[in-house]
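Numbered by our numbering, the letters in the sequence shown go through residues 5 to 236 in order.
Following: one structure in structure tokens, then a few remarks.
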Amino acid sequence: TQYCVTVTDGCETTPQSICTNIIMREVPSPMFVTDTTEGCVPSSIEFSDITTYNLTETQTDSIIWLVDGIIYNDNSFLHAFENVGNYDVKLDIITQYGCRSSITVSEYISIHEIPNATFYVISNPTTIFNTEVDMINNTLGDNNIYEWSFPSGLPASSNGEAPTVLYPEGVAGEYPVQLYVTNEFNCKDSTTDIVHIISDVIIYAPNAFTPDGDQINNEWRVYIDGIDVEDF
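Below, the structure written as structure tokens:
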């Protein structure tokens with residue numbers, strides 16, 4: 005735009021005028037996007053500058069980001085967040101004409117804690133005559149989602165916080181139990197334990213035998229199960 009200034013002394017002196025063209029350069033309006041604004045620790049988030057200009061001749065000369073105390077100078081970058089918390093994002097744009105502007109978004113990124121999935125079993129070990137066990141959930145958090153897996157158990161799965169499981173009676177074995185926990189921020193963790201079903205001590209003896217040489221029931225003895233006779 006052309007601006008003119010005229011000076012006069014209020015007398016008969018001819019007024020003096022001077023005109024000049026003033027060029028007002030465009031001031032940038034910084035804008036950015038991220039692939040997400042939330043994550044579970046640790047989490048990597050991609051940042052991208054999407055600043056646009058109304059005038060075609062205006063171009064970005066330099067970019068300065070400040071994220072998590074680290075400075076970046078690229079149009080886009082990936083930042084790894086290693087700690088739980090809320091993070092501000094600052095973007096500073098400078099054009100080739102030296103026009104500068106910045107934007108700061110407070111607590112734009114939220115990084116959440118991963119739940120620590122943990123449980124124990126009552127009673128463990130248990131015997132082949134008492135195969136019902138209780139899962140005692142120790143995972144902290146009020147809004148967690150639980151997914152249990154009990155191969156060979158009844159039920160075979162559960163979404164309860166502390167389910168009870170029945171395993172086959174009379175069969176000794178080791179049964180894996182897996183717990184998946186998802187908190188309200190969709191952060192996940194899992195853990196596994198083993199339910200030990202052991203033989204009980206059984207002592208029994210037949211009330212008859214036939215020592216007649218037919219190779220059937222020729223001997224009589226007391227039978228013991230559930231004890232290692234070599235280590236008793």
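Beta carbons: idealized from backbone N, C-alpha and C, even for Gly.
Keep in mind it's a predicted model, so treat the numbers as computed, not measured.
- DSSP places Gly43 inside the beta strand (DSSP E), whose first and last residues are 42-44.
- Contact check for Lys94 against Ile107 passes: the beta carbons are separated by less than 9 Å.
- One thing to note: Glu117 has its Cβ no nearer than 9 Å to the Cβ of Asn141.
- The three-state reading of DSSP puts Met139 in strand, counting E and B together.
- DSSP places Asp96 inside the beta strand (DSSP E), whose first and last residues are 89-99.
- Ser156 places its beta carbon less than 9 Å from that of Gly177.
- The Cβ atoms of Ile149 and Ile98 do not sit closer than 9 Å to each other.
- For Leu70, the enclosing beta strand (DSSP E) covers residues 64-71.
- Note on geometry: alpha-carbon atoms of Thr40 and Ser48 lie some 9 Å from one another.
- Taking the CA atoms as reference points, Ser194 sits about 53 Å from Gly102.
- Spanning the alpha carbons of Asp229 and Tyr184 requires a straight line of approximately 37 Å.
- By the criterion of a C-beta distance shorter than 6 Å, Thr38 is surrounded in its chain by Ile49, Phe51, once the five residues flanking it on both sides are discounted.
- Ranked by Cα distance from Ser110, the options Thr196, Gly89, Thr168 are led by Gly89.
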